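Student: One rule links them: number in our numbering = place in the sequence shown (from 1) + 5.
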Amino acid sequence: MELVIDNVPKRKTGTKKTKLMGAVKPRIMSPKLSGKTYGPDFAAFAEKVGYPLMPWQKYCANDFLTVNAENMWVRKTIMLCTSRQQGKTTLAALLILFHLFEMGTMSIIGISSNKKMARDTFDKVELIIEQNDFLSVQIKKTYGKQLASRANGFESINLLSGARYEICAATADGARGKSADLLFIDELAFVSEEAYAGAKPVTRAKANAMTILTSSAGWATSTVLNDLRDRALSYPAKTLGWYEYSAPALCKLDDRKAWAMANPALGYTVTEATLEEALSTDTPDVFRREALTQWVTSLSSPWPEGSWQACSDSKLVMGPGPATYFAFDKAISKRTASLVAGQILPDGRIGVAMLDTWRADHVVDDLAIAAKIKEWADKYRPVMICFDHFATASIAARLTASNQNMVDVSGTAFYQASGDLLDAIVGKRLVHSGQLELNTQMEACAAKNLDSSWRIVRRASAGDVSGPISLAMIVNKMQEPVSSPMIVAG
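#1: Let me know if residue 13 comes out buried or exposed under the rule of 16 or more other beta-carbons within 10 Å of its beta-carbon.
#2: Based on Cα-Cα distance, which residue from 363, 362, 407, 347 lies nearest to residue 356?
#3: Using only CA atoms, which one of 258, 146, 446, 132 lies nearest to residue 291?
#4: Please state whether DSSP places residue 408 in a helix, a strand or coil.
#5: Judging by CA-CA distance, which residue of 458, 274, 231 is the nearest neighbour of residue 449?
#6: Taking all protein chains shown into account, decide if residue 220 is buried (16 or more other Cβ within 10 angstroms of its Cβ) or exposed.
#7: Would DSSP call residue 278 helix, strand or coil?
#8: Find the nearest neighbour of residue 415 within the set 427, 397, 406, 466, judged by alpha-carbon distance.
#9: Sort 437, 330, 322, 132 by Cα distance to residue 485 and report the nearest one.
#10: What is the DSSP secondary structure of residue 112, reduced to helix, strand or coil?
#11: Take the Cβ of residue 322 as the centre, count every other Cβ of all protein chains shown within 10 Å, and call the residue buried at 16 or more, exposed below.
#12: Around the C-beta of residue 209, are 16 or more other C-beta atoms found within 10 angstroms, so that it is buried, or is it exposed?
#13: Check this for me: beta carbons of residue 470 and residue 440, under 8 Å apart or not?
#14: For the stretch 399-462, list the beta strand (DSSP E) runs that are entirely contained and at least 3 residues long, ordered along the chain.
#15: Counting only the same chain and skipping the five closest in sequence on each side, list residues whose C-beta sits under 7 Å from that of residue 443.
#16: Going by DSSP in three states, residue 24 sits in which element: helix, strand or coil?
#17: Can you tell me the Cβ-Cβ gap for residue 237 and residue 84, rounded? I've got them flagged as a contact below 8 Å.
#18: What would DSSP say about residue 315, mapped onto helix, strand or coil?
#19: Can you tell me whether residue 348 is helix, strand or coil according to DSSP?
#20: How is residue 358 classed by DSSP in three states: helix, strand or coil?
#21: Please report the residue range of the beta strand (DSSP E) in which residue 334 lies.
#22: Between residue 227 and residue 204, is the Cβ-Cβ spacing less than 8 Å?
#23: Starting from the C-beta of residue 387, find all residues in its chain whose C-beta is less than 7 Å away, skip the five residues before and the five after it, and write them out in chain order.
#24: Just to confirm before moving on: does the CB-CB distance between residue 87 and residue 201 stay below 8 Å?
#25: Report, in whole angstroms, the separation of the C-beta atoms of residue 283 and residue 296, which I expect to be a contact under 8 Å.
#26: With respect to the beta strand (DSSP E) encompassing residue 215, which residues constitute its N-terminal and C-terminal limits?
#27: For a test of the three-state rule: what should DSSP assign to residue 140, helix, strand or coil?
#28: If you follow the alpha helix (DSSP H) that residue 76 is part of, which residue opens it and which one closes it?
#29: Considering only their Cβ atoms, is the gap separating residue 218 from residue 172 smaller than 8 Å?
#30: Take residue 315 as the anchor and find which of 186, 430, 275 has the nearest alpha-carbon.
#31: In three-state DSSP terms, what is residue 230?
#32: Measure how close the beta-carbons of residue 267 and residue 252 come, nearest whole angstrom, since I'm counting them as under 8 Å.
#33: What does a CB cutoff of less than 7 Å around residue 407 pick up in its chain, not counting 5 residues either side in sequence?
#34: Report buried or exposed for residue 48, applying the criterion of at least 16 other Cβ atoms within 10 angstroms of its Cβ.
#35: For the stretch 65-77 against the stretch 270-277, are there 3 or more C-beta pairs whose distance is under 8 Å?
#36: Taking 8 Å as the threshold (C-beta atoms), are residue 70 and residue 44 in contact?
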């Protein structure tokens with residue numbers, strides 16, 4: 006199942022000027038569900054308690070609160086990914102209250118990367134209860150008046166019905182041994198693999214359980230968030246709902262349309278002036294992560310700001326005929342792979358394009374990939390097909406058996422290839438058409454530096470970089486001197 010990507014933000018037109026409004030639909034989203042939904046009931050509840058939903062919150066809730074014919078949640082795991090200060094915490098607090106007071110959910114556990122952040126949502130839930138008498142009368146009060154129990158550092162809210170909401174530390178054993186109908190994990194970008202592994206099983210014994218995750222963008226070290234995003238982009242089941250409000254990869258920092266895509270609360274609680282101030286005071290990496298929901302690998306990103314965009318030409322056309330070079334690679338997760346092609350254009354530049362990609366829930370099929378590359382090779386007749394024998398030896402062996410000219414570009418040779426790719430980009434000797442998948446992978450690249458050289462690395466990168474790795478191999482081989490036959494007369 007493929008995620009839906011929508012690049013068009015929504016705007017509201019006033020009588021005097023056009024006011025930029027945040028996007029209602031996520032730019033990247035799991036295919037929209039149809040059928041019965043509790044979204045309108047949730048919106049009515051939020052209105053009743055004094056916190057009406059913003060359009061983006063309504064849109065997402067209508068989808069992830071969809072149920073099947075047995076009245077069971079279709080989405081079991083929900084990920085809300087937006088820039089900072091868009092209303093994620095308020096939305097989570099309202100969802101917790103809706104589950105407790107309207108849906109009859111009996112056990113809710115909240116977790117964050119640290120106890121203070123989990124307590125922020127807990128305090129928001131407690132505040133809304135205090136502000137609404139019809140909620141507070143249903144609470145089993147501590148010492149006759151307190152809504153929340155805070156004994157021995159363990160915070161909980163208990164209803165007279167027996168329902169309970171508590172918060173736990175994001176540690177390997179913070180939620181171990183507990184069971185919940187609803188699990189809420191805040192700021193997933195900061196949650197460790199050990200903490201996530203310890204928390205996720207608390208819903209397994211509940212047939213109709215739901216896990217709600219929220220976060221802003223992460224780094225290369227945000228392994229839990231990055232892995233989940235990779236799975237969401239790899240045709241996930243309907244049970245995973247991914248809702249990402251983000252700017253397109255490698256967009257300009259001052260692109261207002263990109264601001265709207267990443268800031269759904271723009272025009273409601275966030276203003277253009279606020280973002281302008283952030284742009285003028287934050288570093289580019291901080292602004293991209295905090296305001297544009299873009300994954301920033303760190304200062305190890307090898308590409309100078311704007312250099313890849315400067316090589317883009319939407320009119321680029323490539324097809325069979327000219328001398329063509331292929332390269333392919335597989336992600337470290339083994340769930341994705343890419344095939345890239347390169348050709349020398351009439352003006353001398355190297356034209357490149359991503360020909361094919363493969364995705365799987367668990368592991369891509371090497372046999373199927375080899376067969377498809379062979380089909381592409383029969384069409385383009387490539388001069389050579391480049392590969393890294395450490396990552397794709399089995400695919401290369403099958404292609405060798407089908408009489409393809411296979412060239413290994415791995416180990417120390419790939420350091421030179423990475424440098425050649427950087428030089429070609431900076432020198433604008435390379436041109437691409439701006440393919441979304443290739444742009445996203447280029448943005449995810451991280452580098453490993455030695456004293457006198459560097460290379461793109463898979464493990465430290467923020468996602469699949471099989472495309473850029475393939476690209477480096479191609480550029481390296483296409484720039485090698487071509488030998489000419491010589492006749493020596495004696």
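All C-beta atoms, glycine included, are put in the ideal place defined by N, C-alpha and C. Since this is a predicted model, take the numbers as computed values, not measurements.
Tutor: On the basis of the data shown:
#1: In this predicted model, residue 13 has a pLDDT of only 46, less than 50, meaning its place in the structure is not dependable enough to derive any value.
#2: The candidate whose alpha carbon is nearest that of residue 356 is 347.
#3: Residue 258 is the option with its Cα nearest to residue 291.
#4: Secondary structure of residue 408 (DSSP, three-state): coil.
#5: Cα-wise, what sits closest to residue 449 is 231.
#6: Flag for residue 220 reads buried.
#7: Annotated three-state conformation of residue 278 is helix, per DSSP.
#8: Here the closest residue by C-alpha is 397.
#9: Comparing alpha carbon positions, the residue from 437, 330, 322, 132 closest to residue 485 is 330.
#10: In the structure shown, residue 112 sits in a strand (DSSP, three-state: E or B).
#11: It is exposed - the Cβ of residue 322 has fewer than 16 other Cβ atoms within 10 Å.
#12: Under this definition residue 209 is an exposed residue.
#13: At least 8 Å separates the beta-carbon of residue 470 from that of residue 440.
#14: Within the stretch 399-462, the beta strand (DSSP E) runs of at least 3 residues that lie entirely inside it are, in chain order, 411-413, 451-454, 459-462.
#15: If we look at residue 443 and ignore the five residues flanking it on each side, its Cβ neighbours are 359, 437, 472.
#16: Note: residue 24 maps to strand in three-state DSSP.
#17: Confirmed, Cβ separation roughly 7 Å.
#18: Three-state DSSP puts residue 315 in a helix.
#19: In this structure, residue 348 counts as strand in the three-state DSSP scheme.
#20: Residue 358 falls in the strand class under three-state DSSP.
#21: Boundaries of the beta strand (DSSP E) harbouring residue 334: 329-335, taken from the DSSP string.
#22: No.
#23: Answer for residue 387: 329, 330, 331, listed in chain order.
#24: Their beta carbons are not under 8 Å apart, which means residue 87 does not touch residue 201 by this criterion.
#25: The pair is a contact, with the Cβ atoms about 5 Å apart (cut-off 8 Å).
#26: Per DSSP, residue 215 belongs to the beta strand (DSSP E) from 215-220.
#27: Assigned with DSSP and collapsed to three states, residue 140 falls in helix.
#28: Counting along the chain, residue 76 falls outside any alpha helix (DSSP H), and DSSP gives it neither H nor E.
#29: Against a cut-off of 8 Å, the Cβ pair of residue 218 and residue 172 comes out as no contact.
#30: The shortest CA-to-CA distance from residue 315 to any of 186, 430, 275 is the one to 430.
#31: Residue 230 falls in the helix class under three-state DSSP.
#32: By a beta-carbon distance limit of 8 Å, residue 267 contacts residue 252. Their separation comes to about 5 Å.
#33: Closer than 7 Å at Cβ, skipping near neighbours: 379.
#34: When all chains shown are included, residue 48 counts as buried.
#35: No: fewer than three Cβ pairs fall under 8 Å.
#36: Yes, the pair counts as a contact, with Cβ atoms nearer than the cut-off.
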